[in-house]
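Data block below; observations after.
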Amino acid sequence: MNFTASADAIASAIDRAEIKTAISARQFHGRLTNLPWPRNIVFLDELLPKLKGQILFWWMAGIVTPNFLLARWLGLPRQGGHKEAVLLFTSGSSGEPKGVVLSHHNLIGNVTQFTVMLDAGPEDSLLASLPFFHSFGCTVTLWYPLIEGTPIVTYPSPLEAAKNAALVEKYKITVLLATPTFLRAYLRKAESEQLRSARLVIVGAEKMPLDLSEKFFERFGKRVMEGYGLTETAPVVSVNLPDPIPERPGVTVQPLYRLGSVGKMASGIAAEIRHPETNEKISIYDSGMLWLRGPNIFEGYLKDPKRTAEVLHNGWLKTGDIGRLDEDGFLYIEGRLSRFSKIGGEMVPHEVVEQKIIGALGLEGSERRIAICGVPDEAKGEALLLLTADPIEMDKLRALLTESGVPNLWIPKRSIVVENIPVLASGKLDIRGCQELAAGR
Numbered sequence: 310m311n312f313t314a315s316a317d318a319i320a321s322a323i324d325r326a327e328i329k330t331a332i333s334a335r336q337f338h339g340r341l342t343n344l345p346w347p348r349n350i351v352f353l354d355e356l357l358p359k360l361k362g363q364i365l366f367w368w369m370a371g372i373v374t375p376n377f378l379l380a381r382w383l384g385l386p387r388q389g390g391h392k393e394a395v396l397l398f399t400s401g402s403s404g405e406p407k408g409v410v411l412s413h414h415n416l417i418g419n420v421t422q423f424t425v426m427l428d429a430g431p432e433d434s435l436l437a438s439l440p441f442f443h444s445f446g447c448t449v450t451l452w453y454p455l456i457e458g459t460p461i462v463t464y465p466s467p468l469e470a471a472k473n474a475a476l477v478e479k480y481k482i483t484v485l486l487a488t489p490t491f492l493r494a495y496l497r498k499a500e501s502e503q504l505r506s507a508r509l510v511i512v513g514a515e516k517m518p519l520d521l522s523e524k525f526f527e528r529f530g531k532r533v534m535e536g537y538g539l540t541e542t543a544p545v546v547s548v549n550l551p552d553p554i555p556e557r558p559g560v561t562v563q564p565l566y567r568l569g570s571v572g573k574m575a576s577g578i579a580a581e582i583r584h585p586e587t588n589e590k591i592s593i594y595d596s597g598m599l600w601l602r603g604p605n606i607f608e609g610y611l612k613d614p615k616r617t618a619e620v621l622h623n624g625w626l627k628t629g630d631i632g633r634l635d636e637d638g639f640l641y642i643e644g645r646l647s648r649f650s651k652i653g654g655e656m657v658p659h660e661v662v663e664q665k666i667i668g669a670l671g672l673e674g675s676e677r678r679i680a681i682c683g684v685p686d687e688a689k690g691e692a693l694l695l696l697t698a699d700p701i702e703m704d705k706l707r708a709l710l711t712e713s714g715v716p717n718l719w720i721p722k723r724s725i726v727v728e729n730i731p732v733l734a735s736g737k738l739d740i741r742g743c744q745e746l747a748a749g750r
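Under our numbering, the sequence shown has 575 at position 266, and the numbering climbs by one with no breaks.
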């Protein structure tokens, strides 16, 4: 359960999922007194000391007893198949959080896909600090190490970069998983030598700004590997990986990394690009709506057949993202369809406009200070509105953007100064919160 969500969102999730019991810790419970906790609460910190004997017994049993016999003793079904294994709620960045039902088939499929991509050796270990209510944290830092046996070092918060960096240094962790927001914290709080042991730094959840990637490389000497996924895909779809060997004359190397892309898709995933409005298939090399099919595609939204039918068609998932592929199979995500504005018949990407403004104002590497929203416009149907945490001279900004070659159609007509740009716990932009600010709510 995402404890950083609003009380209303949590109450709605508890009601829809029919949650009767929560598993927590007494100290954590005491810090979140305003949460609408279920009636029954199991406090692990009070329960575990009473179970030391049982824990030791089952630990020994797990070592010496065949799996089929353990499953029989514990009354576990032999196959989970397409039955619900995990229920995760989406971030709600563009509306009410949706309950995503992931099956045993989905989780095992995605763990297998990630295992092949990561190709971890006996010397590898993961820093597990991403929250389990985040699909990346749930699959990659919980189920993946449990199933594959890769060692992990846990920490309860990815926000405390100094402590996370100290753990990487102390335990010589080789795989660091984060979001761009969390990488900014490493730039502020971590020493360059603390991440020396990391052979892979993988980010997802939000678009990786190029300037942040460059600064991270300059500081730590680590190339950031951007990936892509959705809660509905369990979540890993694609990821960049280091090229195996440098390209050289007479040797053809299959590239695994391409700057600006989110990498190559995992094995077993098929992709189609369709027209965003007509759903007609178009060339995979053209920009359009990304559709996916594979073993990791979710079973549907909890008690929501209408929204399930909107995104699932004959096994294909409508991702809601505008993307394309190149000739080598690298996937490029250009933004959520909800983050495009149709102005005068042209689709204008909010994220690209934001990056142009960040560059023009010299905001690279800083916390998010601006956001673009689409608002109704009588003349062209929609117009761009700039939300900014700092006062901006719009005439000066227009001149800077024009000088840098930004089309006039892409330049915001007006701005609103806000106290903070709304973001979610994962670091993703809170689209719904931005729209409410733009509407004056």
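Just so you know, even glycine gets a beta-carbon here, dropped at the ideal spot from N, CA and C.
Sub-8 angstroms separation of residue i and residue j beta-carbons
i, j, result
"Phe639", "Ser570", "yes"
"Asp637", "Pro553", "no"
"Met534", "Pro489", "no"
"Pro406", "Ala318", "yes"
"Ala394", "Leu416", "yes"
"Glu691", "Ala680", "no"
"Leu455", "Tyr464", "no"
"Thr330", "Pro347", "yes"
"Asn549", "Arg567", "yes"
"Val546", "Ile511", "no"
"Arg645", "Ile730", "no"
"Ala326", "Leu611", "yes"
"Thr305", "Trp600", "Since the first residue of the chain shown is 310 and the last is 750, residue 305 is not available in this structure."
"Leu485", "Leu509", "yes"
"Ala747", "Ile725", "yes"
"Glu457", "Thr483", "no"
"Ile461", "Glu541", "no"
"Pro544", "His414", "no"
"Asp354", "Ala334", "yes"
"Ala429", "Thr448", "no"
"Leu718", "Glu655", "yes"
"Glu515", "Gly683", "no"
"Pro467", "Ala499", "no"
"Asn343", "Phe442", "no"
"Ala669", "Leu733", "no"
Per DSSP, cross-strand counterpart(s) of residue i
i, result
"Ile350", "Ala331"
"Arg532", "The partner list for Arg532 (beta bridge, DSSP) is empty, contrary to what the question assumes."
"Trp625", "His622"
"Thr483", "Answer is none; Thr483 lacks a bridge partner."
"Met291", "Missing from the structure shown is residue 291; the chain here goes from 310 to 750 and no further."
"Glu589", "According to DSSP, Glu589 bridges with nothing at all."
"Tyr464", "None, per the DSSP bridge assignment."
"Glu655", "Ile652"
"Leu696", "Ala680 and Ile725"
"Lys573", "Val548 and Phe639"
"Gly690", "Asp686"
Host beta strand (DSSP E) of residue i (start-end)
i, result
"Lys516", "Neither: Lys516 is in no beta strand (DSSP E) and is coded neither H nor E."
"Asp324", "Careful: Asp324 lies outside any beta strand (DSSP E), inside the alpha helix (DSSP H) at Ala316 to Ala326."
"Lys651", "Phe649 to Ile652"
"Glu432", "Premise fails: Glu432 is in no beta strand (DSSP E) and is neither H nor E."
"Gly683", "Ile679 to Asp686"
"Glu500", "Here Glu500 belongs to no beta strand (DSSP E), and DSSP marks it neither H nor E."
"Gly644", "Leu640 to Arg645"
"Ser547", "Val545 to Val548"
Cβ-based burial, residue i [other Cβ within 10 Å; buried from 16]
i, result
"Asp630", "buried"
"Met369", "exposed"
"Trp382", "exposed"
"Tyr594", "exposed"
"Asp324", "exposed"
"Ala471", "exposed"
"Lys531", "buried"
"Ile652", "buried"
"Lys573", "buried"
"Glu712", "exposed"
"Asp739", "buried"
"Ser385", "Note that residue 385 is Leu in the sequence shown, not Ser. Leu385 is exposed by the Cβ-count criterion."
"Pro375", "exposed"
"Pro614", "exposed"
"Gly597", "buried"
"Thr697", "buried"
Extent of the continuous alpha helix (DSSP H) run through residue i
i, result
"Asp704", "Met703 to Glu712"
"Pro454", "Tyr453 to Glu457"
"Ser724", "Careful: Ser724 lies outside any alpha helix (DSSP H), inside the beta strand (DSSP E) at Arg723 to Val726."
"Val715", "It is not in any alpha helix (DSSP H) - Val715 carries neither H nor E in the DSSP assignment."
"Arg741", "Ile740 to Ala747"
"Ser675", "Per DSSP, Ser675 belongs to no alpha helix (DSSP H) and is neither H nor E."
"Gly446", "Ser444 to Cys447"
Can you give, in chain order, each stretch of the alpha helix (DSSP H) that sits fully within the segment 344 to 414 and has at least 4 residues? 353 to 356, 361 to 373 and 376 to 383
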